[in-house]
Amino acid sequence: MAMRGIFWLFIASFFSLFLQAEVITSDLEYQRISGVGYSWQTVNLGNSYSDAIVVCTNVLVNKTDNEAVVRIRNINSSNFQVKIQHPNDSDPGYSTDVYCIISDEGSYTIPFKYEAHKVLSDNTNGNTSPNNWSAARAEEVTGSVTQSYTKPAVLGQVMSYNDHRFSIFWSFNCQNRNRRPFQSNNRICVGKHVGQIGQTRNNETLGYFVAEAGIYELEDFSMAVNYGGDSIRGIGNNPPYSYTLDKAYTDGIVHQEAEDGGQGGWAVLYGAAPFGTSLDMGIDEETVQGDTTRTHTTEEVAYWVMLNDPVTPAELVINEVLYRQTTNGSNNDEFVEFYVTQGGDLKNYLFTDQDGASHHYRFPKHTVSTGDYVILHIGSGTDSTVGNVHHFYIGRSEILNNGGDDVSLYRPVNTDITIVDNQPLSVIPSDYMAYGSGGAVDSISTSQLGVTVNWSGGENSRLSGAGTGESIALTPNANDSDTSLCWELSATTVASKKATNCTNYIPTRDTNTNAGQTNSITLSNTAMPDMHITKTSIVTADGVNATHPKRIPGATIRYCFTVDNTGEGNADNVKINDSLAGNGKDNLMYVRSGKVIQDIATVCDCAAISDTSGSISGTDVTINVGTLTGTGATATSRGCAYIETTVK
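Using this note's numbering, the first residue of the sequence shown is number -19, and each one after it goes up by one.
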């Protein structure tokens, strides 16, 4: 039974380790490894690496637990081994979670700017002779850092096991042990230290990340990289000590930068649930030699935290834009309407007019369905959903320029970036439209891997000059051809502003949903007519029977056509085509035209019509009914047409 139990635990551990891998890109992943103790465990990687850099952090659940450090060995393309170790080299007496980030060595801009390096440490730092905290006993790697950083965070790991005795990674600015890397002089030194233990160590390989601080939103992941204030104290004090995060992250690593205390310490994740909107930590120390209280002065800690939140992205097109509001100030009417061509989630879609980061809007996690409308109001309000219409608010007074601007939509991705307003973001161009001209209209962005969209700006000027409350809309509705040819001012009567050159052109309509405005917000920009025709006939005279005329030779027959448009869209240039050739019953001698009456909402009356002036020779007749407006204006739009014929 004991052997069977051991076998079961081995299988469970194997699958637990493997299934914790979360691949971000083909060069980057993170792991949560459960149940790590003093025995070596093999961790299977989600990617295959040429030269993997592995940086890990252990969780200390209780301050009464012994201090421990993470040791790594046997890193290869598909796995590595990990354990925790109580200084100097003994079993800490418990198992715990270990979090790791793994990257191939090199410099990267996807999914954000960071680099991963390794260096051989051939000396040892510490607080007791023969050690000290000088740069001469560490490794200056300033020249290995290939990218420039505004706010670099450094996290590292002793990645080899050439010495079974404890050592831990540390970093500083190469001049003062209490200055974090790059602080004051833009230099970085890394090394291994042994706290207050008066021993040197064999050479070990150090791995480290240099990463640009920021919050990074991807398709499936959110990440935050930063270093916090000088406020994280020792395990022997009163942990946890915390940094506040922008959202509830679930995984990550931490690393103490520099060494204020002088006794040597390292950052650990603290507590049963160290992640969330609060990142809980403490500074641990070895208790082998010297001070054994594990108290420590405040330190700065760098962190790289993750949240895996996969969704199926929706697909959207820009469908309508109102760029000239009716009233400045509090009553803001600017909006951008998107049409959902494929249902999914809006999470991390980015809207911008490319006029600065303050004009960016990230959509929240929110499910939409095919055929829904998403309305992004530039003004203030409360996000809401009514039926198939989803309302979101930026909270700005206005951002779209009346004379000319562009509207850009970017889709979140994991494996590409686009420079938007001088920021590298994990997005690719999804849709774009522009109006007007001049410097206010920005160029279409192209992602690092070459993703872009097409737009013909030759007719941008046709879309300028909208009146207050008048939108510009895509016609046909949501049929995005990536060209200004298919856009027009809504319900415009100006021929030069119409999209008549667009294939399958349908005029936009005015739904009058807001008084004084011309737009179709929350509704289709265009609407199709729904046509129905009814044909009846009566005999008006036969030359014999004055009261009850019959269908006999010489009789006059009046044909009545009732044409109804019950659809929402206008029916322009309605024509009735009919062949009145004899079919064995009505052998026609000639045709006389009847009166055409448009837009009659009552019953067409064949008997009441009296105007039968004019004549048409032949038997194939076309009657021009004209325009039958859609039900957006009337309940039913009707046309009546009459033709008189004489039977041979």
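All C-beta atoms, glycine included, are put in the ideal place defined by N, C-alpha and C. Computed from a predicted structure; not experimentally measured.
Limits of the beta strand (DSSP E) - the one that residue i falls within
i	result
MET286	280 to 288
ASP77	76 to 84
GLY232	231 to 237
GLN269	Careful: GLN269 lies outside any beta strand (DSSP E) and carries neither H nor E.
LYS345	That residue, LYS345, is in no beta strand (DSSP E); it is neither H nor E in DSSP.
TYR2	The sequence as given places Glu at residue 2; Tyr does not occur at that position. Start and end: 2 to 5.
LYS172	169 to 173
THR224	221 to 224
ASP335	Neither: ASP335 is in no beta strand (DSSP E) and is coded neither H nor E.
TYR700	In the structure as shown, the chain starts at -19 and stops at 628, and residue 700 therefore has no counterpart that could be examined.
VAL519	511 to 521
HIS371	369 to 373
LYS63	59 to 65
GLY262	258 to 264
Which listed residue (the options) has its alpha carbon closest to that of residue i
i	options	result
CYS154	TYR141, ILE148, ILE168 and ARG145	ILE168
HIS97	THR104, ILE52, ILE90 and GLU85	GLU85
THR514	ALA116, ASP333 and THR542	THR542
ALA247	ASN105, CYS36, THR332 and PHE92	CYS36
ASP385	ASN112, LEU135, HIS339 and THR272	HIS339
SER124	SER109, ASN505, ASN107 and LEU100	LEU100
ASP260	ALA282, ASN328, GLN269 and PRO404	ALA282
VAL583	VAL554, HIS173, THR607 and SER617	SER617
THR398	VAL3, PRO110 and TYR196	TYR196
TYR412	SER436, THR5 and VAL627	SER436
VAL297	GLU2, ASP31, THR455 and PRO529	THR455
THR463	ASN434, VAL474, ASN484 and THR473	ASN434
ALA471	GLY323, ASP460 and SER504	SER504
TYR250	PRO404, GLY216, LYS345 and GLU300	GLY216
Helix, strand or coil at residue i [DSSP, three-state]
i	result
SER451	coil
ASN103	coil
ASP579	In this predicted model, ASP579 has a pLDDT of only 49, less than 50, meaning its place in the structure is not dependable; the value taken from the coordinates is given anyway. Coil, per DSSP.
ARG391	strand
THR292	coil
CYS620	strand
ALA204	strand
LEU708	No answer is possible for residue 708: it lies beyond the span of the chain, which begins at -19 and ends at 628.
ILE(-14)	In this prediction, ILE(-14) scores a pLDDT of 34, lower than 50, which makes its location untrustworthy; no coordinate-derived value is stated.
ARG53	strand
ARG160	coil
GLY214	strand
CYS466	helix
THR626	strand
GLU300	strand
ARG181	coil
GLU119	strand
SER661	Limits of the chain in this structure are -19 at one end and 628 at the other, which puts residue 661 out of reach.
ALA252	coil
ARG442	helix
VAL48	With the sequence shown as reference, residue 48 is identified as Ala, and Val is not the correct amino acid for it. The answer is coil: DSSP assigns ALA48 none of H, G, I, E or B.
ALA475	helix
C-beta atoms of residue i and residue j nearer than 8 Å
i	j	result
THR89	GLN428	yes
ALA414	VAL407	no
ASN633	ASP510	Here the chain has residues from -19 to 628 only, and residue 633 is not among them.
GLN65	PHE146	yes
GLY359	ASN312	yes
HIS276	ARG213	yes
SER441	THR432	no
GLN497	THR321	no
ASN368	SER349	yes
LYS172	VAL138	yes
VAL285	LEU225	yes
ASP264	GLY245	yes
LYS63	SER14	no
ASP102	ASN166	no
TYR141	ARG12	no
VAL354	PHE318	yes
ARG304	ASN382	yes
Check your understanding: Given 8 Å as the limit, is there contact between the region 219 to 234 and the region 245 to 260, that is, 3 or more CB pairs closer than that?
Key -> Judged by Cβ distances under 8 Å, the region 219 to 234 makes contact with the region 245 to 260, as three or more pairs qualify.
Point to revise | Three CB pairs or more closer than 8 Å across the region 387 to 398 and the region 323 to 337 | key: Yes, the region 387 to 398 is in contact with the region 323 to 337.
**Study point:** Inter-stretch contact at 8 Å, needing at least 3 Cβ pairs: the region 526 to 541 / the region 617 to 625
**Key:** Counting Cβ pairs under 8 Å, three or more are found: they touch.
Check your understanding: Is it true that the region 70 to 87 meets the region 28 to 48, where meeting means three or more beta-carbon pairs spaced less than 8 Å apart?
Key -> Contact between the region 70 to 87 and the region 28 to 48 is present, because at least three Cβ pairs lie under 8 Å.
Check your understanding: Using 8 Å as the threshold, is the region 476 to 487 in touch with the region 513 to 533, meaning 3 or more CB pairs across them?
Key -> No contact exists between the region 476 to 487 and the region 513 to 533.
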